[in-house]
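Here this note's numbering is used: the first residue of the sequence shown is 3, the next is one more, and so on.
This report concerns only the one structure given below.
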Amino acid sequence: MLNFDQINNKSQHVHSIVMECFEWKRDYCLKCGKCCLNTEMILLDEDIKRIQKLGYKIDFFVRKLHNYNVLKNTRGHCVFFEPKSKKCKIYENRPLGCRLYPIIYDEEKGVSVDPYCPLAHTVTSEELEKASKVISQIIEKLFP
Ligand code: SF4
Ligand code: SF4
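Below you can see the structure in the form of structure tokens.
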């Protein structure tokens, strides 16, 4: 799993791109919550550390899927999703993958837009290019 400290040491460039991405918000998300149902969102080490600092135990929100750490679900949705309000309990601290969504990494298609999101068609080529940089460099670190 990606170690953010290692990235910091190895490449300040990757660090700055990732940090820039943390500031990137798609203000026009419908907040429909579809992307929080039955999630298999990958958690980077830095995501885990950040969420732990909020007081959540690893066992509560992390599960292993193949060789990765991913978000845990409860009753068909992410443990941090509130079905009534359709809100994320940790929105300001949500994982990098949740911030990039609906841009995803697909093993067959590579960096692409998930058509499951009702706003998939609104992703601009500029956003895709920006997210591609972040995702490609994370993938490189995950699969050196
Ligand atoms: S599926 Fe798309 S529109 Fe709905 S909450 Fe997720 S990112 Fe927003
Ligand atoms: S962390 Fe938040 S945004 Fe990400 S899947 Fe869970 S509820 Fe949704």
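In this text, a Cβ means the ideal position worked out from N, Cα and C, and glycines have one as well.
Quick check on the DSSP output: the alpha helix (DSSP H) that includes Leu98 runs from which residue to which? Looking at the DSSP string, the run of the alpha helix (DSSP H) that includes Leu98 is Leu98 to Leu102.
Alpha carbon of Phe62 to alpha carbon of Ile50, nearest angstrom: 11 Å
Rounded C-alpha distance that separates Lys114 from Arg65: The sequence given here places Ser at residue 114; Lys does not occur at that position. Taking the CA atoms as reference points, Ser114 sits about 25 Å from Arg65.
Under 8 Å by Cβ, that's how I've got Ala133 and Ile92 pegged, so tell me the actual separation to the nearest angstrom. That belief does not hold up - the Cβ atoms of Ala133 and Ile92 are roughly 21 Å apart, past 8 Å.
From Thr41, Cys90 and Leu98, residue whose alpha carbon lies closest to that of Gly78: When Thr41, Cys90 and Leu98 are compared, the shortest CA-CA separation from Gly78 is found for Thr41.
Please classify Gly57 as buried or exposed, where buried requires at least 16 neighbouring CB atoms within 10 angstroms. Classification of Gly57: exposed, given that the 10 Å Cβ count is below 16.
Reduced DSSP category for Asp108 - H, G, I as helix; E, B as strand; rest coil: strand
On a CA-only basis, which of Glu109, Lys36 and Val136 is nearest Leu102? Give me that one, please. Val136
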